[in-house]
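Participant: Handing you a structure now.
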Amino acid sequence: MAARQKASFMPLVEKLAEPGLAAGKQTLCTQARTKAAQSTCPIMHVMCVKPVTSGKCGMKIAVDVAPPESAISALFQLPFEAHAMRTFNCNRCEQLVFYENVRCERCEALLGYVPELGELSAFEDASDGRWRSLHPRANGALYRQCHNYAVENVCNWMIPADQPDTLCRSCQFTRTIPNLAAPDNRLYWYRLEVAKRRLLYTLTALGIKVASRHDDPQTGLEFEFLEENPDGGKVLTGHDNGLITLNIAEADDAYRERTRTAMHEPYRTLLGHFRHETGHYYFDRLVAGTPWLEPFRALFGDESVDYAEALETYYRDGAPADWTQSYVSAYATMHPWEDWAETWAHYLLIVDVLDTATSYGVALIPRDPGGPTLTDQTPVEDASFDNLMKRWFPLTYALNSLNRSLGMADGYPFTLAPLVIEKLRLVHKVIAAQPAGQAGAQPMSQAETAAALVPGADASLTATPNPTPDGSPEPAPAPTPDTTAVSTPAAPSAPAVDSTNVTES
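In terms of the UniProt record's numbering, the sequence shown has 14 at position 14, counting the first letter as 1, and numbering is strictly consecutive.
Shown next, in the form of structure tokens:
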């Protein structure tokens with residue numbers, strides 16, 4: 001990946017430093033302050049904590065400090081300026097806003113996520129359904145709300161006004177939505193879309209460009225959100241050649257918790273399902289038929305062993321008693337594909353949580369001087385996996401301790417054995433080795449890989465959309481409502497799902 005240029009912070013600090021002041025010392029910030037408190041500090045790029053409305057800031061700053069960066073961006077030296085996850089500021093009033101917000105609580109400006117910028121932007125009405133971005137990097141560009149934002153209220157992404165699509169980049173990945181005539185299904189759909197957008201944000205920040213089936217009909221990624229048939233039809237959450245199916249009942253907190261308890265799982269989340277299933281997808285894209293297959297087998301085992309037999313054995317006998325010595329979860333013991341998917345999901349969890357902590361300027365320094373630390377900046381030049389782990393462990397200690405103080409279960413109920421860490425390291429290497437925006441080798445399905453391990457040709461996920469007669473890109477199709485649970489004759493039926501071809505997760 002191309003090296004990312006550092007922010008222009010150090011020259012500013014040097015100007016503020018006293019002559020001869022050694023590195024590591026502190027000096028007073030002399031940045032002129034003319035805006036109200038809670039504005040964004042132009043030096044540290046975080047919310048200013050000084051209660052001043054004018055004059056000099058006066059806040060003590062370290063001479064050799066750098067502004068908090070996206071942990072993901074720094075870790076992988078991305079060539080673009082990815083914003084740290086889940087902390088943004090309203091471009092109109094500078095109020096702190098969040099990734100899922102649709103309105104600024106202070107000035108009531110419309111908010112929308114602009115994937116081309118990787119930013120949550122404030123907008124002003126430009127008439128005719130168009131909105132002008134107030135983000136300085138947008139240069140006054142015009143956008144439209146995604147249909148699922150303006151009409152369905154389950155999205156907050158924006159579309160460039162000159163594009164023909166009615167659905168945003170994220171919503172184009174959804175092929176089938178729940179039947180909205182059924183009670184609570186709109187809420188479940190909203191929760192699923194929120195989790196999917198967070199996943200897409202992380203994958204993009206990691207430099208992995210994902211394509212929908214509209215972009216790449218053969219190997220693109222798509223999602224079905226299905227409801228179980230009251231007559232007994234079962235929906236299995238799983239992956240099949242780029243199609244990820246999720247049972248919308250997983251968006252019901254009570255159902256998900258009952259399932260977690262029944263399956264003796266320490267953790268079960270919607271976002272975790274998305275992470276896990278994309279692990280299967282990216283095994284086909286990045287590992288199968290590539291030089292990474294042999295290192296994978298050395299750590300995870302032979303993926304050509306019969307999956308159906310392994311599945312039956314797991315549900316009959318359960319995980320080995322000593323599974324924690326080699327696996328991140330009990331389910332990972334079932335088959336090497338599941339081990340990879342669980343490890344992939346765990347890796348995404350780690351980098352996402354670290355990115356969020358970094359965006360809030362979290363700094364953890366254990367009492368043991370020789371122990372690992374989490375600092376509030378990640379040097380761009382340090383892209384090592386070991387550094388990632390050194391930053392991760394102290395954060396988990398604090399997270400679990402805070403949860404216990406709240407009377408809640410551990411926020412991170414996992415133990416990472418040395419072999420598990422090595423598996424995470426391989427995931428890290430596979431991702432870091434991908435050129436920004438590329439998806440690696442032409443994939444083979446897991447069934448094809450098990451039958452014959454033949455290397456595929458390199459191919460990018462990105463494909464040119466089918467042109468319309470006038471030469472403009474063809475708009476992406478709207479998702480199909482799922483009508484299997486509640487009869488709605490006016491709506492088309494959802495495509496049939498063959499559960500025997502869906503990888504259970």
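Glycine residues also receive a C-beta, built at the ideal position from the N, C-alpha and C atoms.
1) Return helix, strand or coil for P217, following the three-state DSSP convention.
2) Tell me whether the region 390-398 and the region 302-316 touch, counting them as touching only if at least three CB pairs, one residue from each stretch, are closer than 8 angstroms.
3) Taking buried to mean at least 16 other C-beta atoms within 10 Å of its own C-beta, is R258 buried or exposed?
4) Contact defined as beta carbons within less than 8 angstroms: I believe A345 pairs with G279. What is the distance between those atoms, to the nearest angstrom?
5) Once you ignore the five residues that flank A319 on each side, which residues in its own chain have a CB closer than 7 angstroms to its CB?
6) Can you name, in chain order, every residue of its own chain whose Cβ lies under 6 angstroms from the Cβ of R92, other than the five neighbours on each side?
7) With D339 and Y327 assumed to form a contact (beta carbons below 8 angstroms), what rounded beta-carbon distance in angstroms separates them?
8) Tell me the residue span of the beta strand (DSSP E) that contains N247.
9) If you measure between the beta carbons of E227 and R213, is that distance less than 8 angstroms?
10) Can you find the residues in the same chain that come closer than 6 angstroms, C-beta to C-beta, to P266, ignoring five residues on each side of it along the sequence?
11) Which same chain residues end up closer than 6 angstroms to A161 when comparing Cβ atoms and leaving out the 5 residues on each side of it in sequence?
12) Give the DSSP-derived three-state secondary structure of S133 in the structure shown.
13) Could you pull the start and end residues of the alpha helix (DSSP H) that H147 belongs to?
14) What does R198 pair with, by DSSP beta-bridge criteria?
15) Leaving out five residues before and five after R191 in sequence, what residues of the same chain have Cβ atoms less than 8 angstroms from its Cβ?
16) Hey, residue 507 and I208: beta-carbon distance below 8 angstroms or not?
17) So Y149 and N139 are supposed to be a Cβ contact under 8 angstroms. How far apart are they, rounded?
18) Just the C-alpha distance for A288 and T87, rounded to the nearest angstrom, thanks.
19) Our contact map puts F385 next to H428 with C-beta atoms below 8 angstroms; I'd like the distance itself, whole angstroms only.
20) When you compare only the Cα positions, how much space is there between L180 and Y201?
Facilitator: The relevant details are as follows:
1) In the sequence shown, residue 217 corresponds to position 217, counting from 1. DSSP places P217 in coil when its eight states are reduced to three.
2) no
3) Taking the sequence shown and counting its residues from 1, one reaches residue 258 at position 258. Per the 10 Å Cβ criterion, exposed.
4) Mapped onto the sequence shown, residue 345 falls at position 345. Mapped onto the sequence shown, residue 279 falls at position 279. Rounded, the Cβ-Cβ distance is 6 angstroms, consistent with contact.
5) Locating residue 319 in the sequence shown gives position 319, where the first residue counts as 1. For A319, where only same-chain residues beyond five positions count, the Cβ hits under 7 angstroms are A330, T333.
6) Here residue 92 refers to the residue found at position 92 when the sequence shown is read from its first residue. Cβ neighbours of R92 beyond the five flanking positions: C107, A109, A122, L134.
7) Mapped onto the sequence shown, residue 339 falls at position 339. Mapped onto the sequence shown, residue 327 falls at position 327. Confirmed, about 6 angstroms.
8) The residue given as residue 247 occupies position 247 in the sequence shown. Element bounds for N247: 243-247.
9) Here the question's residue 227 lines up with position 227 in the sequence shown. Here the question's residue 213 lines up with position 213 in the sequence shown. No; because the gap between Cβ atoms is not below 8 angstroms, this pair is not in contact.
10) Position 266 of the sequence shown, counting from 1, holds the residue named residue 266. For P266, where only same-chain residues beyond five positions count, the Cβ hits under 6 angstroms are P413.
11) By 1-based counting over the sequence shown, the position of residue 161 is 161. R130, L142, Y143, R144, listed in sequence order.
12) Taking the first residue of the sequence shown as position 1, residue 133 is located at position 133. Three-state DSSP puts S133 in a strand.
13) By one-based count along the sequence shown, residue 147 stands at place 147. Element bounds for H147: 147-150.
14) To locate residue 198, count along the sequence shown from 1; it is residue 198. BP columns for R198 are empty, so no partner.
15) By one-based count along the sequence shown, residue 191 stands at place 191. Answer for R191: A251, L270, listed in chain order.
16) What the structure shows of the chain is the stretch from 1 to 505, and residue 507 is not part of that stretch, so it cannot be assessed.
17) One-based indexing of the sequence shown puts residue 149 at position 149. One-based indexing of the sequence shown puts residue 139 at position 139. The pair is not a contact, with the Cβ atoms about 22 angstroms apart (cut-off 8 angstroms).
18) Here residue 288 refers to the residue found at position 288 of the sequence shown. Here residue 87 refers to the residue found at position 87 of the sequence shown. Going by the C-alpha atoms only, they are around 36 angstroms apart.
19) Here residue 385 refers to the residue found at position 385 of the sequence shown. Here residue 428 refers to the residue found at position 428 of the sequence shown. Between H428 and F385 the Cβ distance is about 5 angstroms, and since that is below 8 angstroms, they are a contact.
20) Against the sequence shown, residue 180 aligns to sequence position 180. Against the sequence shown, residue 201 aligns to sequence position 201. Computed Cα separation, rounded: 26 angstroms.
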